[in-house]
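Numbering (this note's numbering), first residue to last: 8 to 403. For every residue, glycine included, the Cβ atom is placed at its ideal position computed from N, Cα and C. Computed from a predicted model, the values in this text were never measured in an experiment. Some notes on the structure that comes next.
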């Protein structure tokens, strides 16, 4: 166990929901920040995105919700009421970071406008995630990850070359935006520590971060004007870099330079090809023929034997695992203790390590409003005030 987590003593008021925002707050919580997850009376909508559920479905802990809400506490506040918005300010005064992913007009109605928050709480770092870029109507457009994958161009370069547009199998652009929002929050904390006058407002949106995430694909287009296309599992700029079929399963071979290619040919006993395909430019020009020749030879191998031989030769390669196979590999690499088991739940761990040690699971994903009373007492409210707020249905 680490003696002290890097963000110990930092408190985050997380008003976000669904995926991108909860990813950001979970990362901050993993690093030691105390996360107050402020939810509306009906809770984060992903609580109901099941089955499967951990425990009784009425408990609102779907497997989806649980995947991005470890190391948090939950309180329910109705921000659509005047008393709820007043309570928001009282909570914000006790926090270092406020995070949300509401549309601008909704955020204003709920008291979450960034300018207002920073004016009322100059110490506060505000980190927000939007859907679309721009002011006015443009910034009001709603978006989920699927919309972002489509609008950003990611779906146009994903999938079979002869098929239709395909999304990535996970909410990758939500994840990407969440990472950026967490980085923005950390930058704000550093700026505050260095004496910045007034809180910093870091903002990101799914669409802009999605387009920027095209990285080398976008760079190719900017340099040539050519419209990128789908390459399946292949790569537009290097060969071979794709899936191949062994006789008993699939693997990937990822050759990034000429020396690796020469070693690949030695493993496959195809060294006679070296003069024809020695450079990456040669391999790109003869892509179709080269891939066919490699595919025939790779088909003679068993998957695991070839992966082992290529690894021994320092050629990047790996099996195409199922999720259960990938999980089994992680457990094997960590003496059967990769996943975290607590309170009947089995969760993926934080993957950042500090000084070689893993970050601890300090709390399982919370029940809706399970910490409302305790958090409000810590904020300074007495039992009578809390009872009155509950009776008025301001809190839950």
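Beta carbon of residue i: closer than 7 Å to some heavy atom of the ligand GTP?
i, result
"residue 144", "This structure simply doesn't include the ligand GTP, nor any ligand for that matter."
Look at the Cβ atom of residue i, then the Cβ atom of residue j, and state whether they are nearer than 8 Å.
i, j, result
"residue 46", "residue 83", "yes"
"residue 133", "residue 196", "no"
"residue 401", "residue 85", "yes"
"residue 326", "residue 256", "yes"
"residue 187", "residue 174", "no"
"residue 81", "residue 44", "yes"
"residue 7", "residue 366", "Missing from the structure shown is residue 7; the chain here goes from 8 to 403 and no further."
"residue 35", "residue 209", "no"
"residue 375", "residue 50", "yes"
"residue 118", "residue 95", "yes"
"residue 139", "residue 212", "yes"
"residue 185", "residue 30", "yes"
"residue 277", "residue 300", "yes"
"residue 166", "residue 221", "no"
"residue 55", "residue 168", "no"
"residue 57", "residue 70", "yes"
Take the Cβ of residue i as the centre, count every other Cβ of all protein chains shown within 10 Å, and call the residue buried at 16 or more, exposed below.
i, result
"residue 183", "buried"
"residue 107", "buried"
"residue 262", "buried"
"residue 314", "buried"
"residue 359", "exposed"
"residue 279", "exposed"
"residue 363", "exposed"
"residue 373", "buried"
"residue 126", "exposed"
"residue 28", "buried"
"residue 283", "exposed"
"residue 303", "exposed"
"residue 91", "buried"
"residue 309", "exposed"
"residue 206", "buried"
"residue 357", "buried"
Check each candidate in the options and name the one with the smallest Cα separation from residue i.
i, options, result
"residue 298", "168, 246 and 282", "246"
"residue 178", "110, 200, 217 and 37", "217"
"residue 23", "181, 60 and 12", "181"
"residue 253", "275, 130 and 185", "275"
"residue 114", "149, 52 and 130", "149"
"residue 270", "294, 124 and 317", "317"
"residue 201", "284, 48 and 130", "130"
"residue 93", "68, 171, 65 and 124", "124"
"residue 14", "267, 140, 189 and 71", "189"
"residue 199", "241, 309 and 128", "128"
"residue 137", "259, 111 and 282", "111"
"residue 32", "320, 229, 380 and 135", "135"
"residue 52", "25, 58 and 61", "25"
"residue 295", "233, 243 and 58", "243"
Which same chain residues end up closer than 7 Å to residue i when comparing Cβ atoms and leaving out the 5 residues on each side of it in sequence?
i, result
"residue 439", "The structure shown has nothing for residue 439, since the chain only spans 8 to 403."
"residue 97", "386"
"residue 306", "252, 253 and 254"
"residue 109", "117 and 119"
Please list, in chain order, all residues of the same chain as residue i whose beta carbon is under 6 Å from its beta carbon, the five residues on each side excluded.
i, result
"residue 158", "214"
"residue 63", "none"
"residue 371", "349, 350 and 352"
"residue 369", "78"
In chain order, what residues of the same chain have a beta carbon less than 8 Å from the beta carbon of residue i, not counting five sequence neighbours either side?
i, result
"residue 170", "237"
"residue 265", "285, 286 and 287"
"residue 234", "228"
Do three or more CB pairs link the stretch 348-355 to the stretch 276-294 at distances below 8 Å?
no
Are at least three pairs of beta-carbons, each pair with one atom in the stretch 89-109 and one in the stretch 10-24, less than 8 Å apart?
yes
Taking three-plus beta-carbon pairs below 8 Å as touching, is the stretch 385-395 in contact with the stretch 65-79?
no
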